[in-house]
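Working notes, beginning with the structure itself.
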Amino acid sequence: MIKTTKNSSGVMGITSLSRNLNSEIGSYQEHYINENFGYTVRLTNGAINMSSEIAEDYENQRNSITNDRIEKVANTFRKI
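Be aware that the sequence shown starts at 13, since it is given in the working numbering, and climbs by one per residue.
In structure tokens form, the structure reads like this:
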């Protein structure tokens, strides 16, 4: 994985929205481009995965972010 700052505000925003659905999700620390060309987000207590599209949509078309999409991200949470 390659550490990146691309779409940082989108990644942080989606992380925050995911935390609203799953209170176990920790705070954002950094994110990486993963093998699926999405993002793996390192948290204070684990990690989540999200597509680059959802991060870009958060930055450019926030109204396209549905609860379904956020739930899919929240469901990727894995605790350390």
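Just so you know, even glycine gets a beta-carbon here, dropped at the ideal spot from N, CA and C.
Bear in mind the structure is a predicted one, so any value in this text is a computation, not a measurement.
Bridge partners - residue i, DSSP secondary structure assignment
i, result
"Met62", "Tyr51"
"Arg93", "Because the chain spans 13 through 92 in this model, residue 93 falls outside it and cannot be assessed."
"Arg90", "Ala59"
"Glu68", "Answer by DSSP bridge pairing: none, since Glu68 is not bridged."
Opening and closing residue of the beta strand (DSSP E) in which residue i lies
i, result
"Lys15", "14-16"
"Ile37", "Element bounds for Ile37: n/a, residue is neither H nor E."
Among the options, nearest to residue i - alpha-carbon criterion
i, options, result
"Val85", "Thr16, Gly25, Ile92", "Gly25"
"Gly58", "Thr27, Glu65, Asp69", "Thr27"
"Glu71", "Lys15, Ser21, Ile14", "Ser21"
Cβ distance (whole Å) where residue i is taken to contact residue j below 8 Å
i, j, result
"Tyr44", "Tyr51", "7 Å"
Boundaries of the alpha helix (DSSP H) in which residue i is found, first to last residue
i, result
"Asn46", "Per DSSP, Asn46 belongs to no alpha helix (DSSP H) and is neither H nor E."
"Ile82", "79-86"
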